[in-house]
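Student:
Residue numbers (this note's numbering): 731 to 870.
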């Protein structure tokens, strides 16, 4: 199972430079995909930011949101973070030697708890944190 970070989810549904790469990977990888309820929240936020900054129209963002939810329900394990995962995320985010924001820390804690064999992310800092935790950073 591969945990997919929001930085890789958004371009699968809203055109960005890496959209073709993520779509090709999803179609060809054969991997079971995992996301979390936090991913759903972050996707909604990212789509709204793209509307506010004029990168996409509101109708396009709405279509992307609907397609994302449909895809997630049909093709992904959607993890619901529990107290232990939030505590692990707090430990990760609170460690000054790590360069982790809270959102990235919860993604990593969930990926660990799921025993994901890898984390797919387009965020360079997140990729380094994935490797530092001994997880496989999936690259495309």
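A virtual CB, placed ideally from N, CA and C, is assigned to each residue, including glycine.
To test your reading of the DSSP string, which unbroken alpha helix (DSSP H) runs of 4 or more residues are found completely within the region 763 to 797?
Tutor: DSSP runs (the alpha helix (DSSP H)) wholly in the region 763 to 797: 767 to 782.
Student: For the region 791 to 803 against the region 741 to 753, do three or more pairs of beta-carbon atoms, one drawn from each stretch, fall closer than 8 Å, so that the two count as touching?
Tutor: Yes, the region 791 to 803 is in contact with the region 741 to 753.
Student: With distances taken from CA atoms, which of 836, 832, 784, 827 is nearest residue 767?
Tutor: Stepping through the chain shown from its first residue, residue 767 is reached at position 37. Of 836, 832, 784, 827, the residue nearest in Cα terms is 836.
Student: According to DSSP, what are the bridge partners of residue 868?
Tutor: For the purposes of this step, residue 868 is taken as the residue at position 138 of the chain shown. Residue 868 pairs with 850.
Student: Between the C-alpha atoms of residue 856 and residue 868, what's the straight-line distance to the nearest angstrom?
Tutor: Numbered from its first residue, the chain shown carries residue 856 at position 126. Numbered from its first residue, the chain shown carries residue 868 at position 138. Cα to Cα, the separation comes out at about 11 Å.
Student: For residue 740, report the span of its alpha helix (DSSP H) as first-last.
Tutor: Here residue 740 is taken as the residue at index 10 of the chain shown, counted from 1. Note, residue 740: alpha helix (DSSP H), 736 to 743.
Student: Looking at the unbroken alpha helix (DSSP H) that takes in residue 807, where does it start and where does it end?
Tutor: Taking the first residue of the chain shown as position 1, residue 807 is located at position 77. Segment 806 to 809 is the beta strand (DSSP E) holding residue 807; no alpha helix (DSSP H) there.
Student: Taking the alpha-carbon positions, what's the residue 752 to residue 732 distance?
Tutor: Along the chain shown, read from residue 1 onward, the residue named residue 752 stands at position 22. Along the chain shown, read from residue 1 onward, the residue named residue 732 stands at position 2. In a straight line, the C-alpha of residue 752 is about 13 Å away from that of residue 732.
Student: For residue 864 and residue 758, what's the separation of their Cα atoms in angstroms?
Tutor: Position 134 of the chain shown, counted from the start, is the residue given in the question as residue 864. Position 28 of the chain shown, counted from the start, is the residue given in the question as residue 758. Between residue 864 and residue 758, the C-alpha separation is close to 25 Å.
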